[in-house]
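What follows is one structure encoded as structure tokens, with my remarks underneath.
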């Protein structure tokens with residue numbers, strides 16, 4: 001993509017309303033634009049990141065055997081009256097009346113709706129287990145939306161719902177999602193730590209939050225240091241196998257958010273040198289809630305003996321739009337964002353230091369074609385602008401690599417390849433940079449996953 | 001995908017509420033489930049089709065130089081007060097009040113919001129032209145929603161918005177979208193005919209609807225027969241060139257929906273043997289409306305002389321969810337849906353005629369692995385069910401190819417490859433069927449585009 005033809009409304013100054021770094025950088029880098037409180041448009045650069053995150057979530061959900069569908073944003077109130085949550089859910093639920101005076105709502109979550117879909121479609125235990133998921137915009141009418149996409153009102157979420165015959169099977173389904181979440185976040189360059197959590201309005205008696213560590217995190221977290229270093233599951237993890245040992249290894253050590261933190265247990269169970277107190281951001285949560293919805297909504301299957309059995313359910317959320325902010329919170333410096341390769345909006349930026357100079361233009365054009373032919377997604381800054389401004393923009397938007405092309409370097413047969421994260425620069429022949437970059441990009445993506 | 005592990009709630013009987021064939025078949029084939037009037041969940045099979053259609057739309061929009069972003073579903077009323085449309089738009093607009101008593105609405109279209117994004121980000125004529133698009137769920141509170149996804153309330157739409165300095169440039173942008181629409185629909189196996197149209201609530205003085213012909217179409221259409229046969233633009237169409245001649249050739253001949261049909265002109269301009277009266281379904285519409293929004297909303301750029309100039313705009317819609325229904329209306333028979341290859345939920349179905357029989361199971365498993373290894377997306381009916389029921393299901397859901405494997409055929413070293421559209425069957429060695437199918441699939445996709 002040529003920057004001269006792109007839509008990248010960079011802000012020079014820090015927007016006053018942004019209290020945290022991800023919000024500030026997303027506004028400044030032209031990734032989002034606020035439409036109203038807690039509601040954003042995703043501009044082309046931001047939308048590309050959102051898409052890449054969504055793609056990783058889809059791949060890992062599919063790998064774990066979940067089936068993708070899509071439920072609508074607007075739900076009928078009667079469905080929530082069946083489960084008893086319509087009145088229980090507070091003002092965060094956006095309630096709507098349609099032209100025929102029917103009570104509707106903008107879904108803040110989908111337990112009721114998926115239970116309705118399941119009960120209409122599945123009648124026998126032979127059709128279990130099933131895990132159905134979707135990625136859809138949800139709405140929670142936060143009283144004070146803030147922190148940009150981290151606590152917005154309209155937000156994109158992946159939510160999966162598992163259906164099993166027995167509690168034991170349901171825990172197996174829970175473990176699958178648990179393991180797949182660690183893979184999902186690792187592929188985005190994040191090490192997420194599962195922490196025992198409260199179940200809140202979803203209900204049930206087993207729940208874990210997945211927390212990433214970031215200095216600017218929203219809450220204090222306490223855990224055994226080893227949890228942060230544990231490797232994610234490998235690509236060929238067998239989701240058909242019993243993952244209990246895997247999950248046990250990751251839940252045996254102490255880990256708690258401040259809501260459920262027990263200082264005495266922490267001191268007792270975790271050796272001093274392994275005690276980690278940090279700030280954390282929640283990027284996902286999983287729940288087992290048994291028959292909380294299937295009982296009142298009559299979602300039953302015929303068991304092996306012909307008897308009707310309410311299905312055991314769990315639900316599994318990932319904050320897809322929130323992840324964009326969370327990744328920035330975990331990965332930035334004073335100059336701007338530092339994207340992990342797998343979610344970077346472009347693989348690299350190509351900077352023309354002297355647009356208008358025939359030789360530099362020609363070298364850049366040739367390189368741009370070569371990079372694209374190698375399957376790399378490049379943002380080419382072909383604008384007539386000062387070198388300093390170009391560097392500032394490229395650092396701000398945080399592409400993992402920058403290729404800098406100028407007349408001086410070209411005179412000695414060189415361009416510069418800069419690594420955004422480390423600042424490391426190498427001089428390299430224009431003929432070799434494409435292959436080198438391709439290798440670097442592939443290595444970086446492998447390294448995360 | 002193994003059907004035994006899929007979620008495909010087939011209905012045996014015709015649902016009473018379905019008045020048209022696409023609605024009936026989508027419900028019966030387990031593609032959608034109604035949540036409330038005019039609002040549907042997209043079950044896994046339907047969602048796959050929706051996704052494939054969306055992917056084609058994205059590829060063709062990108063090819064034509066449009067930039068993808070994403071605007072939220074919920075918009076502030078004040079934006080619509082700026083353009084003057086808030087009060088003008090009728091009861092189809094779903095009006096919402098949030099917890100702080102602010103007037104919001106579920107976007108039925110996005111002219112105001114994109115104009116706001118544009119005016120905040122672009123200040124100079126040097127940054128023109130731009131075409132920004134998104135694919136998002138919209139809501140129109142139809143008084144009587146019907147025909148399934150063809151006239152639903154919550155629906156998925158691609159809408160693009162062009163910004164130019166002059167009317168002449170704006171018409172060039174209009175022509176790009178015009179040509180890209182013909183390619184887009186052709187890739188889905190549809191021949192769309194552009195017809196001069198009313199502009200309605202969007203406004204402006206130039207508009208075309210893109211109509212596909214189907215016996216069950218919603219309105220009568222009249223056109224010169226040659227328009228239906230005209231080839232779509234080639235893959236390497238140069239969107240940077242002047243497409244006026246291309247568009248002129250497709251607008252010179254008579255074509256009109258019943259709203260604007262002029263019987264006398266039709267008789268006079270179109271030779272008897274070229275007169276085509278048919279039923280049509282609108283799948284897209286393009287508008288040039290100049291400064292209708294940029295004037296009142298003050299979306300101006302600095303021109304070459306430093307003067308402020310309101311931008312010339314157009315908008316370009318494609319009914320993405322509607323297309324799923326429209327394709328079925330155009331392509332089905334008494335047994336069910338007949339998917340064009342490019343949008344088929346799976347490339348082919350694999351039918352095991354005797355699940356449980358060791359030799360048949362083994363042959364099917366081997367074939368299933370081989371087909372997947374060739375990059376084909378296969379729905380494998382591995383269930384223990386009657387052959388007749390399996391054929392009925394496979395015909396109903398309309399995958400373009402069926403591979404039928406049974407003990408008798410295997411004894412003589414053969415499986416059957418059936419073409420859903422023509423019913424043609426060939427006996428072929430299991431060792432050859434993967435390669436043959438791969439060739440057929442590729443040829444079919446090339447054939448449409």
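Chains as they are written, first to last, in the numbering used here: chain A, 1 to 449; chain B, 1 to 449.
Where a beta carbon is used, it is the ideal one built from N, C-alpha and C, also for glycine.
7 Å Cβ cut-off: residues of chain A touching residue 154(B): 72, 73, 74
Element boundaries [beta strand (DSSP E), containing residue 131(A)]: 130-139
Contact list for the region 33-47 of chain B against chain A, Cβ threshold 7 Å: 33, 35, 36, 39, 40, 41, 42, 43, 44, 47
Backbone secondary structure at residue 16(A) - three-state DSSP: coil
Segment contact, 8 Å Cβ cut-off, at least three pairs: the region 167-178 of chain A with the region 313-333 of chain A: yes
Contacts that residue 91(B) makes with chain A (C-beta to C-beta distance below 7 Å): 99
Extent of the continuous alpha helix (DSSP H) run through residue 188(A): First-last for residue 188(A): undefined, no H or E at that position.
For residue 425(B), three-class secondary structure by DSSP: strand
Residue 176(A), DSSP secondary structure in three states: helix
Residue 336(A) vs residue 120(A) beta-carbon contact at 8 Å: no
Contact check, residue 413(A) vs residue 239(A), beta carbons under 8 Å: no
Proximity below 8 Å, CB of residue 256(B) to CB of residue 262(B): yes
Of the residues 93(A), 35(A), 82(A), the one placed nearest residue 74(A), counting alpha carbons only: 93(A)
Buried or exposed by the 16-neighbour rule on C-beta atoms within 10 Å, applied to residue 366(A): exposed
Residue 113(A) at chain B interface by Cβ criterion, 8 Å: yes
Beta-bridge pairing of residue 348(B) - partner residues as DSSP gives them: 378(B), 401(B)
Sequence-distant residues of the same chain with beta carbon closer than 6 Å to residue 44(B), five excluded per side: 7
Contact with chain A by residue 69(B), beta-carbon distance below 8 Å: yes
Environment of residue 100(B) [buried if 16+ CB atoms lie within 10 Å]: exposed
C-beta neighbour in chain A for residue 6(B), strict 8 Å: yes
Beta-carbon gap between residue 21(B) and residue 328(B) smaller than 8 Å: yes
Neighbour list for residue 9(B) in chain A, Cβ cutoff strictly below 9 Å: 117, 120, 121, 122
Sufficient close CB pairs (3 or more, under 8 Å) joining the region 225-235 of chain A to the region 270-280 of chain A: yes
Contact under 8 Å by Cβ, residue 113(B) with residue 79(B): yes
Simplified DSSP assignment, three categories, for residue 73(A): coil
Contact between the region 363-377 of chain B and the region 319-328 of chain B (3+ Cβ pairs under 8 Å): no
According to DSSP, residues forming a beta bridge with residue 194(B): 210(B)
For residue 417(B), three-class secondary structure by DSSP: strand
Residue 143(B) burial status per 10 Å Cβ neighbour count (16 or more: buried): exposed
Residues that DSSP places opposite residue 256(A) in a beta bridge: 196(A), 222(A)
Supposed close pair residue 282(B), residue 211(B) - CB separation, criterion 8 Å: 6 Å
Cβ-Cβ separation, residue 385(B) to residue 346(B) (assumed contact under 8 Å), whole Å: No, residue 346(B) and residue 385(B) are not in contact; Cβ-Cβ is about 18 Å, not under 8 Å.
Residue 25(B) versus residue 149(B): straight-line alpha-carbon distance, rounded: 12 Å
Under 8 Å between C-beta atoms of residue 393(A) and residue 10(A): yes
Cβ pair residue 360(A), residue 437(A) closer than 8 Å: no
CA-to-CA distance, residue 130(B) to residue 299(B), given in whole angstroms: 13 Å
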